[in-house]
Each structure stands twice: as structure tokens, then as C-alpha cells.
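So the structure is just underneath, and the comments pick up after that.
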Amino acid sequence: MSQRKPLARKFSQRNSGKLAQLVRLREGFAASFDSTPIYFKSVGIGYPIVLCNGMGVSTFFWKYFEQAFKHDFQVITWDYRGHGRSGAPKNPENINVHSLVEDCKAVLNELKIKKALFVGHSLGTQVVLEFYRRHPRYVAGIVSCLGTFGRPMDFFYNSPLSKYIFEILTSIGLLFPRPSNFFSQLLIRNPFWYQLGGLLRMINTGMASKDDAKKYIDHILSLEPEFFAKLSRSVQAHSAEDMLKKIKVPTLIIGGDHDTFTPVWLAKKMHRIVPKSELIIIKKGSHAALVEQPELINLRIEKFLRERILPPAPPSGKESAKPVAAAS
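Residue numbers (our numbering): 86 to 413.
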């Protein structure tokens, strides 16, 4: 499949010329509660948008989102502990969802952000919901993208067996990390991994570029098996379902009708429970719809952001933020 060609950005006069290409960038590390260094990147100036990754994913999964929003908003990406450029905790007891929440808070404090829109993909939904439970004053709104409220392996492929298979695999990862890593590498690095992912409906190969999928595979294989197994167990044990009916900020829920990791009925359930929430179902969207159909997802998030998060438009005669076009 050819490399994705983003739609051309329609620059306003405010955004035209060479100055439009100069977007404020800040990268660094924030020290979390246990001194674990957490990598972050802030791009752009404007209303802050905090992006929370999926399990085993780094910041690269947000590249289309960042390209689309960085000209008008402050886009913050960061790596979970033990992922990407962030450090791993010295204490294995600090490998859990609650620690990820505090990592996010450390990043916000480093950037002096008081309030933001929080967007979570997959596991990121659980992180955002738990963050809202613990630190609600930071949260102006929530976007759940292809995620659920907790215990994700209970719903994987809509199979009652998935949680038991998960327990077996994570036990092997904890007891025999080196052999399990070898077999994982052998399985995922076979020459037909991309076709297999499409066959199992893990990705939509007609929409996702092979390059985007390969970045995910390479990153997940770089994680320590023991770390990955321990964090996975914490994710599976965690639930923020009790928080759904208590959410008092604007919420957008995005589901994919081909999502086998987080079946679409979970998005519909969350929409029924979260007060005044909005719902969009991505047709033919798999769990990787974030990189399969980024233009659609970005435009829907922008609509939600402008209608329910940003302050009212200024009186006529004063310039307001221009609409976000597709990724540039």
C-alpha cells in the first residue's frame, strides 16, 4: 500500500507564509512521583490537548493528530513509564495504571498546564478516566478513542475465554521472560504478520499503512517482557466503570465497528452511561482507526472541541481560531 498522502492544509492569511511553519516545540523529561523520568513533547501554542497512548504504544501513533492540530493548539504527547523514551521505574510495585496517572500529572506540572482536553486511545481511556477521578480540576473534557472503562481482556474478540488465555500468557511472561520474548519475536516478525493482522481484523490493511503498523510492532517488541506482563495485569485489574455516571465534563466517545480489541458495544454502553456524552462509530474502523482514518477522527474531535470545550467565540470583528484542516 502506498504511503498515506494527507489532504492539503488550507492556510488562512494568519497561517500563511513561512511563519506558519514555525511551531513552538518543547521536549524534555518530567520527574514523576518516584523520580522515574517521563518523556514529553509539547508542540504548538493554544488550548492544551493532552494525548494518552494505548498499551505498548509510543507517541508516534498520534502523528496525524499532531500534524492537524499543532498550528492552532498546544498538543502534548508523552511516553508511559517503560515505553519509548521514558525510563522504567526502579520499584516494580510502581508498574500500574495509578502510576501512569501520576506520570501524566508530572508532565502537566512541568509544562504548567492547569486545564486541558484529554484524549485517550485504547488503554489511554482508562488512564484518562482514572486521572479524572484523582485530579478532576485539570480536565476540561474527555475523548475516549477506541477504549473502554476497564478490564479490557474480558471483552477481547467478544470471547469468554480471552481473559483466561490472557492470564496464561502473562504468567508465562513473568515466569519465563526470555523464552516468551523469543517466541513473541518469532510470531510477530514472520513475513506475513501484516496480512495476518488484517485476517484477524486487528488492523484494516486497506486503510492502515504498513509503515504505521510496523512502528507499533517494533515498539512493542522493544518492551521488557516482565514489565509488559506486569503492566498488562494492572490494566486488566483496573476499572473506572464506577466513574462513568459521575463525569461532569463534556465527553466524546469514538468506537470502531471492526474493533476486535474493544468491541463497539462498549462504546455504546459508555455513551448510555456518561451524562450528555457524544458518540461516533467509525465505519470499518479497527482498533488502529486512529491511523487508518485520521482525517475523520480529527475533524470529529475538532468539532467537539470547538463546540463544547473552547470558550465562546469573540464578538464579530475579532479573529477567532481558524478551523483545523487535515494533517499537513
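Glycine residues also receive a C-beta, built at the ideal position from the N, C-alpha and C atoms.
Practice task
Could you spell out where the alpha helix (DSSP H) holding E387 opens and where it closes?
Solution key: Reading the sequence shown from its first residue, position 302 is the one you call residue 387. Residues 379-389.
Handout entry: Cβ shell of G258 (< 7 Å), same chain only, five flanking positions each side left out
Key = As a first step, residue 258 must be located in the sequence shown, where it is residue number 173. Contacts found: S265, P310, E311, F313, A314.
Practice task
With a 10 Å radius around its C-beta and 16 neighbouring C-beta atoms as the bar for buried, classify A398 as buried or exposed.
Solution key: Residue mapping note: residue 398 aligns to position 313 of the sequence shown, counting from 1. Per the 10 Å Cβ criterion, exposed.
Exercise for the section: Count the C-beta pairs between the segment 354-366 and the segment 246-254 that are closer than 8 Å, then say yes if the count reaches three, no if not. Expected result: no
Problem - CB-CB length for F216 against F203, believed under 8 Å - result: As a position in the sequence shown, residue 216 is number 131, starting the count at 1. As a position in the sequence shown, residue 203 is number 118, starting the count at 1. Going by Cβ atoms, the distance from F216 to F203 rounds to 7 Å, so yes, they are a contact pair.
Practice task
Taking all protein chains shown into account, decide if R219 is buried (16 or more other Cβ within 10 angstroms of its Cβ) or exposed.
Solution key: Numbered from 1 along the sequence shown, position 134 holds the residue referred to as residue 219. Classification for R219: exposed.
Problem - Burial state of A322 (16 or more Cβ within 10 Å) - result: The residue labelled residue 322 in the question sits at position 237 within the sequence shown. Its Cβ having fewer than 16 others within 10 Å, A322 is exposed.
Handout entry: Buried or exposed by the 16-neighbour rule on C-beta atoms within 10 Å, applied to R318
Key = The residue given as residue 318 occupies position 233 in the sequence shown. So R318 counts as buried.
Problem - Three-pair Cβ contact test at 8 Å for the segment 153-171 versus the segment 191-205 - result: yes
Exercise for the section: Could you name the residues of the same chain whose beta carbon sits closer than 8 Å to that of K119, not counting the 5 residues immediately before and after it, in chain order? Expected result: Your numbering for residue 119 matches position 34 in the sequence shown. Looking at the sequence itself, residue 119 is Asp, so the reference to Lys does not match. Cβ within range, chain order: P174, K175, N176, N179, S184.
Handout entry: T121 versus Y165 - alpha carbon distance
Key = As a first step, residue 121 is located in the sequence shown; it is residue number 36 there, counting from the start. As a first step, residue 165 is located in the sequence shown; it is residue number 80 there, counting from the start. The straight-line gap from Cα to Cα measures roughly 10 Å.
Problem - DSSP state of L202 mapped onto helix, strand, coil - result: Translated into the one-based positions of the sequence shown, residue 202 becomes position 117. Three-state result, L202: strand.
Exercise for the section: Return the CA-CA distance between L316 and H168, expressed in angstroms with no decimal places. Expected result: As a position in the sequence shown, residue 316 is number 231, starting the count at 1. As a position in the sequence shown, residue 168 is number 83, starting the count at 1. If you take the alpha carbons of L316 and H168, they lie about 11 Å apart.
Exercise for the section: Excluding the 5 residues preceding and the 5 following V135 in the sequence, name in chain order all residues of the same chain whose CB lies nearer than 6 Å to its CB. Expected result: In the sequence shown, residue 135 corresponds to position 50, counting from 1. Excluding sequence neighbours, V135 sits near I161, A201, F203.
Practice task
Return the bridge partner residues of V182 from the DSSP annotation.
Solution key: Counting from 1 along the sequence shown, the entry for residue 182 is found at position 97. DSSP, once it has assigned bridges, lists no residue as partnering V182.
Practice task
Keeping to the same chain, check which residues put their C-beta closer than 7 Å to that of Y124; ignore five residues upstream and five downstream.
Solution key: Here residue 124 refers to the residue found at position 39 of the sequence shown. F114, W163, D164, G169, R170, S171.
Practice task
Work out the CA separation of T290 and I130 for me, nearest whole Å.
Solution key: Translated into the one-based positions of the sequence shown, residue 130 becomes position 45. Translated into the one-based positions of the sequence shown, residue 290 becomes position 205. I130 and T290: Cα-Cα distance of roughly 35 Å.
Handout entry: Under the three-state DSSP convention, the category K248 falls into
Key = Along the sequence shown, one-based indexing puts residue 248 at 163. It is helical.
Problem - Range of the contiguous alpha helix (DSSP H) that encloses K300 - result: For this step, residue 300 is matched to residue 215 along the sequence shown. Looking at the DSSP string, the run of the alpha helix (DSSP H) that includes K300 is 295-307.
Practice task
Would you check if the distance between the CB atom of D342 and the CB atom of K369 is smaller than 9 Å?
Solution key: As a working note, residue 342 is residue 257 in the sequence shown. As a working note, residue 369 is residue 284 in the sequence shown. Cβ distance < 9 Å, so D342 and K369 count as in contact.
Problem - N138, buried or exposed, once every other Cβ within 10 Å from all chains shown has been counted against 16 - result: Position 53 of the sequence shown, counting from 1, holds the residue named residue 138. Flag for N138 reads buried.
Practice task
Rounded to whole angstroms, what's the CA-CA distance from K300 to G340? Just pull it up for me.
Solution key: For this step, residue 300 is matched to residue 215 along the sequence shown. For this step, residue 340 is matched to residue 255 along the sequence shown. Each residue's alpha carbon lies about 23 Å from the other.
Practice task
Consult DSSP for K421 and reduce its assignment to one of helix, strand or coil.
Solution key: There is no way to answer for residue 421, as the model of the chain reaches only from 86 to 413.
Exercise for the section: Provide the residue span of the alpha helix (DSSP H) that contains E363, from first to last. Expected result: The count along the sequence shown starts at 1 and reaches residue 363 at position 278. Note, E363: premise wrong, no alpha helix (DSSP H); beta strand (DSSP E) at 363-367.
Problem - Sheet register partners of A115 (DSSP bridge) - result: For this step, residue 115 is matched to residue 30 along the sequence shown. I123, per the DSSP bridge assignment.
Exercise for the section: Please confirm whether M355 and S229 have their CB atoms less than 9 Å apart. Expected result: The sequence position of residue 355 within the sequence shown is 270, counting from 1. The sequence position of residue 229 within the sequence shown is 144, counting from 1. In this structure, S229 lies closer than 9 Å to M355 by Cβ.
Handout entry: Minimum C-alpha distance to M238 - residue among V142, S324, R393
Key = On the sequence shown, position 153 is the one that residue 238 refers to. Selected option, being the one with the closest Cα: S324.
Handout entry: For G167, the three-state DSSP class (helix, strand or coil)
Key = Here residue 167 refers to the residue found at position 82 when the sequence shown is read from its first residue. Three-state DSSP puts G167 in coil, outside helix and strand.
Problem - Rounded C-alpha distance that separates V376 from I305 - result: What you label residue 376 is simply residue 291 of the sequence shown in a count that begins at 1. What you label residue 305 is simply residue 220 of the sequence shown in a count that begins at 1. Approximately 17 Å between the Cα atoms of the pair.
Practice task
Tell me whether P133 sits in a helix, a strand or coil according to DSSP, three-state version.
Solution key: Against the sequence shown, residue 133 aligns to sequence position 48. The answer is strand: DSSP assigns P133 an E or B state.
Handout entry: Buried or exposed by the 16-neighbour rule on C-beta atoms within 10 Å, applied to I382
Key = Numbered from 1 along the sequence shown, position 297 holds the residue referred to as residue 382. Buried: at least 16 other Cβ atoms inside 10 Å.
Problem - Closest residue to E112 among L193, V182, A153 (Cα-Cα distance) - result: On the sequence shown, position 27 is the one that residue 112 refers to. It is L193.
Handout entry: Length of the line joining the Cα atoms of Y242 and G232
Key = Start at 1 with the first residue of the sequence shown, and residue 242 comes out as number 157. Start at 1 with the first residue of the sequence shown, and residue 232 comes out as number 147. So the alpha carbons of these two residues sit roughly 14 Å apart.
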